[in-house]
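Working notes, structure below.
Protein chains: 2
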Amino acid sequence: MSTNTVQKRPGGRSAAVLNSVKVAVEELVQEKGRERVTIPMVAERAGVNPTSVYRRWGDLQTMINDIATYRLDPARPIPQLGSLKSDLTQWAREIVEHYRNPTNAALLRGGAASAGETESDCTRNRRAEAGMMVERYGDESPVTPDEVLDQLVAPIIYRVIFLPWTLDDHTADELVDRLFAGRG
Amino acid sequence: MSTNTVQKRPGGRSAAVLNSVKVAVEELVQEKGRERVTIPMVAERAGVNPTSVYRRWGDLQTMINDIATYRLDPARPIPQLGSLKSDLTQWAREIVEHYRNPTNAALLRGGAASAGETESDCTRNRRAEAGMMVERYGDESPVTPDEVLDQLVAPIIYRVIFLPWTLDDHTADELVDRLFAGRG
DNA sequence: CTACAAATGCAACAATCTTTGCTTTAGACT
DNA sequence: AGTCTAAAGCAAAGATTGTTGCATTTGTAG
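Each protein sequence line maps, in turn, to chains C and Y.
Numbered by the working numbering, the letters in the first sequence go through residues 1 to 184 in order.
Numbered by the working numbering, the letters in the second sequence go through residues 1001 to 1184 in order.
In structure tokens, the structure reads:
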């Protein structure tokens, strides 16, 4: 969405710096994993002075979180295909697809390290989206938003973090099928 | 279970160093979060020379992974209460209880940051344990090991990492109930 | 297009982390 | 006990990271 650090000059050179830093972080996190990336590394890769990075973000975690949410929240529209099951299937497919990109997966893992204290943007949005889809189909919906989180989002994210090679083209559909098995 | 770095002298002073380092890491990770812990910090808290830590583990991530799996695998026996559902309930309760301890949760998050390339000990053991419990009750078991991972383990771990405040005394039971709802 | 000020760049400094060669301590085996 | 040597401790050097004051560039408002 937008940068945490509010810039009074969002355009021109500042924007260029932001972009090259963003690319550099994504590349490096994917190459080496969150733990082996440092600010001087990022700055060098980005062709930017480390001072600029320090002054904008202060530390690496802040920067990574900023850049991760940036990527994760592309104002994507919520599916609206006519039935809850098809909406959830579409939605889950998009999430799986997003995280099958190794860069996105690496950023998620990096964010996990500092999660848990405050509800991250990424998590909050998921819950909100699930709620919107479920509520669209009235109160007698066969599944609750919490069930969507526990049985659809959680398995996907768990696999992204710990078992990424188990994600394939059918994962989303299988999970939705299981979620609906025996009800609605 | 045991230290990655094979020690030809596991006892005496080496064991004492390992123990105090272990305690120091746990305390510091809980106090400051994985991101703000360094090897010199750990060494000082442990009353040990930093060199010893560097020589044993090489870097912080290796050390944390080592110590985390150490904690996670206390050769705990697998529940055997007479029915698959009660076994899984007991097992899930133990996992929830384990991770409601903030130190264990912090170590999990720290490990997540470097997961995904190789199947971590912690993950492998979970899958193996699930398999053992399911297989004990024959082939017509109502749930598969994969379902246990997706619908029981994944929601717990997801909550531990991103929504720790949602873990309570009933979480394990509710998840198992849902897993069995509409089948066996 | 001018002037103001925000953001970057630079350079020197400070602090911290990591490595290395050597010495000392103390497990483990006989 | 005595010997051997793995592992820990120590200290100094080296590398990397983080900070700060000041000069330079360049968005942006008027």
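Using N, Cα and C, we set each Cβ at its ideal position, and we do this for glycine too.
This structure is a prediction, so every number in the text was calculated from the model and none was measured.
The alpha helix (DSSP H) enclosing residue i, as first and last residue numbers
i	result
K1032 of chain Y	1012-1032
T144 of chain C	Taken as a continuous stretch (DSSP letters only), T144 of chain C belongs to no alpha helix (DSSP H), as it is neither H nor E.
E44 of chain C	39-46
N1104 of chain Y	1102-1112
Where residue i falls: helix, strand or coil (DSSP)
i	result
Q1151 of chain Y	helix
R183 of chain C	coil
G1058 of chain Y	coil
A1092 of chain Y	helix
K8 of chain C	coil
E1140 of chain Y	coil
D66 of chain C	helix
A1086 of chain Y	According to the sequence shown, residue 1086 of chain Y is Ser rather than Ala. Looking at S1086 of chain Y - three-state DSSP - the assignment turns out to be helix.
M1 of chain C	In this prediction, M1 of chain C has a pLDDT of 46, which is less than 50 and means its spatial position is unreliable; what the coordinates show is noted afterwards. Three-state DSSP puts M1 of chain C in coil, outside helix and strand.
A1115 of chain Y	coil
R1076 of chain Y	coil
D1169 of chain Y	coil
N125 of chain C	helix
L1175 of chain Y	helix
Interface flag, residue i vs chain C, CB-CB below 8 Å
i	result
P1164 of chain Y	yes
A1154 of chain Y	yes
Other residues of its chain near residue i: CB distance less than 6 Å, five sequence neighbours each side excluded
i	result
L1060 of chain Y	I1039
Q151 of chain C	L179
A1043 of chain Y	P1050, V1053
V1153 of chain Y	R1126
W1091 of chain Y	P1079
L175 of chain C	L152, P155
L163 of chain C	none
I161 of chain C	R109
A24 of chain C	V42, R45, A46
G182 of chain C	none
V1134 of chain Y	S1141, P1145
Contact list for residue i against chain Y, beta-carbon separation under 8 Å
i	result
L175 of chain C	D1150
Y99 of chain C	None at all; the shortest Cβ gap to chain Y is about 11 Å.
A115 of chain C	R1109, I1161, F1162
Contact set for residue i: own chain, Cβ-Cβ below 8 Å, skip 5 residues either direction
i	result
E1140 of chain Y	none
G1047 of chain Y	S1020
V96 of chain C	I156, L167, T171, A172
A115 of chain C	T123
Sequence-distant residues of the same chain with beta carbon closer than 7 Å to residue i, five excluded per side
i	result
R1100 of chain Y	L1167
V71 of chain C	Looking at the sequence provided, one finds Arg at residue 71 of chain C rather than Val. Excluding sequence neighbours, R71 of chain C sits near N104, L107.
Residue-chain proximity (residue i, chain Y), Cβ-Cβ < 8 Å
i	result
R13 of chain C	no
Chain-ordered chain C contacts of residue i [CB-CB under 7 Å]
i	result
Q1221 of chain Y	Outside the shown range of chain Y, which is 1001 to 1184, sits residue 1221 of chain Y, and nothing can be said about it.
Within chain C, the residues that residue i reaches when beta carbons sit closer than 8 Å
i	result
A1068 of chain Y	Neighbours of A1068 of chain Y on chain C: none; closest Cβ ~13 Å, over 8 Å.
T1123 of chain Y	F162, L163
A1112 of chain Y	R109, A112, A113, I161, F162
Neighbour list for residue i in chain Y, Cβ cutoff strictly below 7 Å
i	result
I157 of chain C	Y1158
Cross-chain neighbours of residue i in chain Y, by beta carbon under 9 Å
i	result
R183 of chain C	A1181, G1182
Contacts that residue i makes with chain C (C-beta to C-beta distance below 9 Å)
i	result
A964 of chain Y	Here chain Y comprises residues numbered 1001 to 1184, so residue 964 of chain Y is not present and cannot be evaluated.
A1130 of chain Y	What A1130 of chain Y touches in chain C: nothing, since even the nearest Cβ is about 13 Å away.
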